[in-house]
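Peer 1: Below you'll find the structure I mean.
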Amino acid sequence: KTMNNHKKTTFLLFLALLVVGAFTISPAAQASEASGAGSEEVSNLLSKVKDEVRLLERDAADLDSFVRSKLSWQSHADKITQMKDHINHAGELLAQLHDERAAASPWQQEAIDRISPLLKELADNTTATIAHLNDNQSNIHVSPALREYADKHYQVARELAALVTDFVNYEEHEAEFRRLQEKLQLAER
């Protein structure tokens, strides 16, 4: 319940700032802003990235729980392989986003720029985890390094999922704001 109140408060604050901004932005800037709603292709790709990083976040949570259990190294390897597949797919989507960057709005470009290093960090950590697991199959239950890798996966995956979700939510709120702004402008005439 507290989380819902926090989300409502955040949304209302965001909406209030947008409304205040609409009255203080010059007409030329408003026209420019209206035409800069963003690329639909980039929006679609960001939604796909959001789905993929949510899967990554779930996988990272699973891996984090695996290292606290007595599961076999094969179970760990299977989960890491799933993560690698999700990272690779997210990387393919990110490459498409980079290809569409020129058509993206400034906020979409920022999303691309901020997603890239986190996804790279996850990929690098996955590579290190795979190497560590391959070298320590018989010691996974006593390996503090594996726990550190799993914890790092979980932290970065959560951060990435939250970031992408925030950008996708921003776009949804921005679109709603534009719709309301147009409605109010029509009412003034």
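Just add 14 to wherever you are in the sequence shown, counting from 1, and you've got this note's numbering.
C-beta atoms are modelled at their ideal positions from N, C-alpha and C, and glycine is treated no differently.
(1) Could you tell me which of Glu-135, Ser-86, Ala-116, Leu-70 sits nearest to Asn-153, measuring between CA atoms?
(2) Can you tell me the Cα-Cα spacing of Leu-177 and Leu-111, whole angstroms?
(3) Expressed to the nearest angstrom, what Euclidean distance is found between the alpha-carbon atoms of Asn-102 and Asp-65?
(4) What residue range is occupied by the uninterrupted alpha helix (DSSP H) comprising Ser-57?
(5) Can you tell me which of Glu-173, Ala-109, Asp-78 puts its alpha carbon nearest to the alpha carbon of Arg-161?
(6) Looking at the unbroken alpha helix (DSSP H) that takes in Ile-144, where does it start and where does it end?
(7) How long is the line joining the alpha carbons of Phe-37 and Ala-201, rounded to whole angstroms?
(8) Under three-state DSSP, which class holds Ala-201?
(9) Would you say Leu-147 and Ala-74 are within 7 angstroms of each other, going by their C-beta atoms?
Peer 2: Taking the definition as stated:
(1) Translated into positions along the sequence shown, residue 153 becomes position 139. Out of Glu-135, Ser-86, Ala-116, Leu-70, Ser-86 has the C-alpha closest to the C-alpha of Asn-153.
(2) Position 163 of the sequence shown, counted from the first residue, corresponds to residue 177. Position 97 of the sequence shown, counted from the first residue, corresponds to residue 111. C-alpha separation (whole angstroms): 16 angstroms.
(3) Residue mapping note: residue 102 aligns to position 88 of the sequence shown, counting from 1. Residue mapping note: residue 65 aligns to position 51 of the sequence shown, counting from 1. Here the alpha carbons of Asp-65 and Asn-102 stand approximately 14 angstroms from one another.
(4) To locate residue 57, count along the sequence shown from 1; it is residue 43. Where Ser-57 is concerned, the enclosing alpha helix (DSSP H) stretches over 54 to 80.
(5) For the purposes of this step, residue 161 is taken as residue 147 along the sequence shown, with counting starting at 1. Out of Glu-173, Ala-109, Asp-78, Asp-78 has the C-alpha closest to the C-alpha of Arg-161.
(6) As a position in the sequence shown, residue 144 is number 130, starting the count at 1. Annotation: the continuous alpha helix (DSSP H) that includes Ile-144 extends over 120 to 149.
(7) Within the sequence shown, the letter at position 23 stands for residue 37. Within the sequence shown, the letter at position 187 stands for residue 201. Residue confidence for Phe-37 is low, a pLDDT of 39 falling below 50, so the modelled location carries little weight; the figure read from the coordinates is stated next. Distance between the alpha carbons of Phe-37 and Ala-201 is about 16 angstroms.
(8) Indexing the sequence shown from 1 puts residue 201 at position 187. In the structure shown, the three-state DSSP call for Ala-201 is helix.
(9) Taking the first residue of the sequence shown as position 1, residue 147 is located at position 133. Taking the first residue of the sequence shown as position 1, residue 74 is located at position 60. Contact flag unset, no.
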